[in-house]
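Written out below as structure tokens is the structure these notes cover.
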Amino acid sequence: MKMIMCIVDDMDAYSLIEGLTKRSIQVTKLTSSGGFLKKGNTTLLIGLEDSQVREVVELVKSLCHPRNEMVSVEPMSLPGEAVIPFSFNVKIGGATIFVLDVEKYEKV
Ligand code: 2BA
1024 MKMIMCIVDD
1034 MDAYSLIEGL
1044 TKRSIQVTKL
1054 TSSGGFLKKG
1064 NTTLLIGLED
1074 SQVREVVELV
1084 KSLCHPRNEM
1094 VSVEPMSLPG
1104 EAVIPFSFNV
1114 KIGGATIFVL
1124 DVEKYEKV
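My numbering puts the first residue of the sequence shown at 1024, with every later residue one more than the last.
Okay, here's the thing in structure tokens:
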């Protein structure tokens, strides 16, 4: 038994959850946010058999798309009225996937 912990963009979460439930794979959706951008994202917990891991990773790859985000940081003030605006481009995802071994799985 494995647990896939998968962090995805909110925009990709719905289709991924649909794809998983269509395959009768159970999933829990958590609302999360990234430490770097402080922007909302979605964390999915997916408990599954070892034999299903490859299929799910392929599904995530096919549905979660990389995106570019422009990040603005506080403009730097210089003496006088000069201000240096500062922004940069960050590539996010498609998805961050962790595959964990599950020691015990029980429903009571
Ligand atoms: P954030 O932490 O908000 O990071 C968003 C994107 O910013 C990252 O995309 C990466 O491209 C960039 N980034 C993150 N930390 C950085 C840093 N210290 N310096 C420069 N650029 C940085 P992804 O790597 O695709 O990550 C997307 C989201 O997945 C992250 O949002 C975070 O919520 C989660 N994540 C990624 N790696 C993780 C890890 N090792 N452990 C836990 N969560 C992770």
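We put the CB at the ideal spot given by N, CA and C, even for glycine. As the structure is a computational prediction, the values presented were derived from the model and not from experiment.
Any non-hydrogen atom of ligand 1 closer than 7 Å to residue i Cβ
{"i": "Ile-1069", "result": "no"}
{"i": "Ile-1115", "result": "yes"}
{"i": "Asn-1064", "result": "yes"}
{"i": "Ile-1120", "result": "no"}
{"i": "Phe-1111", "result": "no"}
{"i": "Ile-1030", "result": "yes"}
{"i": "Leu-1060", "result": "yes"}
Cut-off 6 Å between Cβ atoms - residues of its own chain near residue i, not counting five sequence neighbours on either side
{"i": "Leu-1082", "result": "Gly-1042"}
{"i": "Arg-1090", "result": "Ile-1115"}
Pick from the options that is closest to residue i, judged by C-alpha positions
{"i": "Asn-1112", "options": "Phe-1059, Leu-1068, Val-1131", "result": "Phe-1059"}
{"i": "Gly-1116", "options": "Gln-1049, Pro-1108, Asp-1032", "result": "Asp-1032"}
{"i": "Lys-1045", "options": "Thr-1054, Gly-1063, Val-1079", "result": "Val-1079"}
{"i": "Thr-1051", "options": "Pro-1102, Lys-1114, Leu-1039", "result": "Leu-1039"}
{"i": "Gly-1063", "options": "Lys-1130, Lys-1084, Ala-1036", "result": "Ala-1036"}
{"i": "Ser-1047", "options": "Met-1034, Ile-1069, Lys-1130, Lys-1114", "result": "Ile-1069"}
{"i": "Val-1096", "options": "Leu-1053, Ser-1056, Met-1034, Lys-1061", "result": "Lys-1061"}
Own chain residues within Cβ distance below 7 Å of residue i, not counting five before or after
{"i": "Lys-1025", "result": "Leu-1071, Asp-1073, Val-1076, Val-1122, Leu-1123, Asp-1124, Val-1125"}
{"i": "Pro-1098", "result": "Val-1106, Ile-1107, Pro-1108, Phe-1109"}
{"i": "Ala-1118", "result": "Cys-1029, Ile-1030, Val-1031, Val-1083, Cys-1087"}
{"i": "Met-1093", "result": "Ser-1110, Asn-1112"}
Boundaries of the beta strand (DSSP E) in which residue i is found, first to last residue
{"i": "Met-1026", "result": "1025-1031"}
{"i": "Lys-1052", "result": "1051-1056"}
Element boundaries [alpha helix (DSSP H), containing residue i]
{"i": "Lys-1114", "result": "Looking at the DSSP string, Lys-1114 is not in any alpha helix (DSSP H); the run it does join, the beta strand (DSSP E), is 1106-1115."}
C-beta neighbour in chain C for residue i, strict 8 Å
{"i": "Lys-1062", "result": "This model lacks chain C altogether, as it is built from one protein chain only."}
Cβ-based neighbour list, residue i, same chain, cut-off 8 Å, excluding 5 preceding and 5 following
{"i": "Pro-1102", "result": "none"}
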